[in-house]
Amino acid sequence: MFYHFKFNRIQVQLSPRAWFFRPLAFAVLIAPLCVAAQTGPQLDLQRTKLSAGMHLVDVQIAQTPEQRQIGLMMRMEMPQQEGMIFVFEQASRQCFWMKNTLLPLTAAFLADDGRIVNMADMKPQTEDAHCSNEPVRYVLEMNKGWFAKKGIKSGSKLSGDLFQMTR
Numbered sequence: 664m665f666y667h668f669k670f671n672r673i674q675v676q677l678s679p680r681a682w683f684f685r686p687l688a689f690a691v692l693i694a695p696l697c698v699a700a701q702t703g704p705q706l707d708l709q710r711t712k713l714s715a716g717m718h719l720v721d722v723q724i725a726q727t728p729e730q731r732q733i734g735l736m737m738r739m740e741m742p743q744q745e746g747m748i749f750v751f752e753q754a755s756r757q758c759f760w761m762k763n764t765l766l767p768l769t770a771a772f773l774a775d776d777g778r779i780v781n782m783a784d785m786k787p788q789t790e791d792a793h794c795s796n797e798p799v800r801y802v803l804e805m806n807k808g809w810f811a812k813k814g815i816k817s818g819s820k821l822s823g824d825l826f827q828m829t830r
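First residue of the sequence shown? That's 664 in our numbering, and the numbers climb one at a time after it.
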């Protein structure tokens with residue numbers, strides 16, 4: 664059985680099989696686009712507390728590949744005592760960029776014990792690579808200048824339950 668349609672003198676003939684496969688093909692093609700179309704910031708991630716000396720920080724935990732990929736993208740503002748920590752399965756050289764990230768940030772690359780290996784100030788909406796100087800599992804992003812204002816620098820140590828779970 665075939666169905667006939669006429670559109671502006673063009674005749675289209677679809678078999679019953681085409682009626683089934685056409686929507687299926689459309690769904691397969693459009694699904695990745697829906698997942699990739701992040702329309703807003705991720706604000707509902709699990710949180711933990713970290714301390715840097717006497718300073719307490721409330722951080723969101725980006726631990727899945729999808730959460731890490733989105734990170735702080737599309738965020739219009741972030742309170743001064745908040746940040747995001749990126750957790751990776753194993754230590755390796757981590758590199759970050761600022762594509763679709765609207766806030767100026769400082770990234771602290773952290774060893775398993777919470778020691779800051781190195782830091783990088785990052786400009787919004789740039790694709791420059793900011794990398795760790797050695798293999799790390801953690802990267803903490805805070806508003807640009809937060810670490811400097813608190814006197815926290817490379818070699819300083821952060822503490823929190825997150826670091827104790829990896830020992």
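Where is the CB? At the ideal position from N, CA and C, for every residue including glycine.
Checklist entry - Alpha carbon to alpha carbon, how far is residue 809 from residue 743? => result 7 Å
Item to check | Residues bridged to residue 735 (per DSSP) | outcome: Per DSSP, none; premise fails for residue 735.
Checklist entry - CB residue 767 to CB residue 736, shorter than 9 Å? => result no
Checklist entry - For the candidate residues 718, 731, 720 and 717, whose alpha-carbon lies nearest to that of residue 708? => result 731
Checklist entry - Under three-state DSSP, which class holds residue 708? => result Coil at residue 708, not helix or strand.
Next on the checklist: Less than 9 Å between the C-beta atoms of residue 769 and residue 740, yes or no?
Outcome noted: no
Item to check | First and last residue of the uninterrupted alpha helix (DSSP H) at residue 827 | outcome: 824-827
Checklist entry - Quick one: what's got a C-beta closer than 6 Å to residue 822's C-beta in the same chain, skipping five residues either side? => result 714 and 777
Checklist entry - Whose C-alpha, out of 791, 802, 755 and 760, is nearest the C-alpha of residue 771? => result 802
Checklist entry - For residue 717, is the classification buried or exposed, using 16 other Cβ atoms within 10 angstroms of its Cβ as the cut-off for buried? => result It counts as exposed.
Checklist entry - When the Cβ atoms of the region 746-766 are set against those of the region 785-804, are three or more pairs found closer than 8 Å? => result yes
Checklist entry - Based on the DSSP secondary-structure assignment, which residues constitute the bridge partners of residue 769? => result 784 and 805
Checklist entry - When DSSP builds the beta bridges, which residues end up paired with residue 779? => result 773
Next on the checklist: Output needed for residue 790: all residues of its chain with C-beta closer than 6 Å, excluding positions within five of it in sequence on either side, in chain order.
Outcome noted: 760 and 762
Checklist entry - By Cβ distance below 6 Å, which residues in the same chain neighbour residue 726 in space, the five residues on each side in sequence not counted? => result 750
Checklist entry - Is residue 729 helix, strand or coil when you go by DSSP? => result Helix.
Item to check | 9 Å Cβ cutoff met for residue 795 and residue 781 | outcome: yes
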